[in-house]
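Only one structure is covered here, and it is reproduced in the block below.
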Amino acid sequence: MTTIVLVIAGIGVLIVFMGISYYNRFVKLKNKVEDSWSGIDVQLKRRYDLIPNLLETVKGYATHEKEIFNNVADARARALGAGGKGEKIAAENQLTGALRSLFAIAENYPDLKANTNFQQFQQQLSKLEDEIQMSRRYYNATVREFNTGIAVFPANIIANSFNFTPYQFFELEDHTQRDAPQVKF
Numbered sequence: 019m020t021t022i023v024l025v026i027a028g029i030g031v032l033i034v035f036m037g038i039s040y041y042n043r044f045v046k047l048k049n050k051v052e053d054s055w056s057g058i059d060v061q062l063k064r065r066y067d068l069i070p071n072l073l074e075t076v077k078g079y080a081t082h083e084k085e086i087f088n089n090v091a092d093a094r095a096r097a098l099g100a101g102g103k104g105e106k107i108a109a110e111n112q113l114t115g116a117l118r119s120l121f122a123i124a125e126n127y128p129d130l131k132a133n134t135n136f137q138q139f140q141q142q143l144s145k146l147e148d149e150i151q152m153s154r155r156y157y158n159a160t161v162r163e164f165n166t167g168i169a170v171f172p173a174n175i176i177a178n179s180f181n182f183t184p185y186q187f188f189e190l191e192d193h194t195q196r197d198a199p200q201v202k203f
């Protein structure tokens, strides 16, 4: 009888330690996902700060393209004001599309393409887009690791018990946006 009680107690202790281990792993993974999202946020903030200067440079050359300027400004405002990650991702997709339109009109203005400020903004934006892409890849990798961790058995029992829910990937909605915006002229 004592042996049975010891075996049951040993199994109980093992289950408790296993639960604690899984819980701690999920907390670490969750923090890693949040940290990787903050990396994206920093890069997006840098892009938001660059956009008004870029718009002002283009406005000087393409004054009758007001609709495109408004679209970029509106998309930027929506992205800045986006609340949750899902809303932020959707707003970022719209902003990327608006920026594509802005660079497309620059093709019609050779003087603009030759402008030193415009070229500098293009280079800065191109670099930022690369950094955003790297941050997005890292974020998606941490999300995949977390989501897989909470979905596999027996870890999913602990994850469900403590309400760990999957994160949303940062994916592009429009397949044409899968390529980085072309900013070279």
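Numbering (my numbering), first residue to last: 19 to 203.
Note that the Cβ used here is the ideal one computed from N, Cα and C, for glycine as well.
None of these values were measured; they are calculated from a predicted model.
Range covered by the alpha helix (DSSP H) that runs through residue i
{"i": "Ala173", "result": "173–179"}
{"i": "Gly37", "result": "20–77"}
Classification of residue i by the beta-carbon crowding that lies within 10 angstroms, buried from 16 upward
{"i": "Ala122", "result": "exposed"}
{"i": "Val34", "result": "exposed"}
{"i": "Lys106", "result": "buried"}
{"i": "Ala124", "result": "buried"}
{"i": "Arg154", "result": "buried"}
{"i": "Gln140", "result": "buried"}
{"i": "Leu47", "result": "buried"}
{"i": "Glu110", "result": "buried"}
{"i": "Leu120", "result": "buried"}
{"i": "Gln138", "result": "exposed"}
{"i": "Thr166", "result": "exposed"}
{"i": "Met19", "result": "exposed"}
{"i": "Leu143", "result": "buried"}
{"i": "Val90", "result": "buried"}
C-beta contact flag for residue i and residue j at 7 Å
{"i": "Asn158", "j": "Thr75", "result": "no"}
{"i": "Tyr40", "j": "Ala173", "result": "yes"}
{"i": "Ile168", "j": "Phe188", "result": "no"}
{"i": "Val161", "j": "Tyr127", "result": "no"}
{"i": "Ile176", "j": "Gly28", "result": "no"}
Exercise. Counting pairs of beta carbons, one from the region 87–102 and one from the region 58–76, are three or more of them closer than 8 Å?
Worked result: Short answer: they touch.
For this session: Evaluate contact between the region 115–126 and the region 83–90, counting only Cβ atoms and requiring at least three cross-stretch pairs below 8 Å.
Result: yes
Problem set entry | Inter-stretch contact at 8 Å, needing at least 3 Cβ pairs: the region 55–68 / the region 149–158 | The region 55–68 makes contact with the region 149–158: 3 or more CB pairs, one atom from each, lie closer than 8 Å.
Exercise. Should the region 97–107 be regarded as contacting the region 41–54, the criterion being three or more beta carbon pairs within less than 8 Å?
Worked result: Here the region 97–107 makes no contact with the region 41–54; the two share fewer than three CB pairs at distances below 8 Å.
Problem set entry | Unbroken stretches of the alpha helix (DSSP H), 4 residues or longer, contained in the region 95–180 | 103–124, 128–132, 134–169, 173–179
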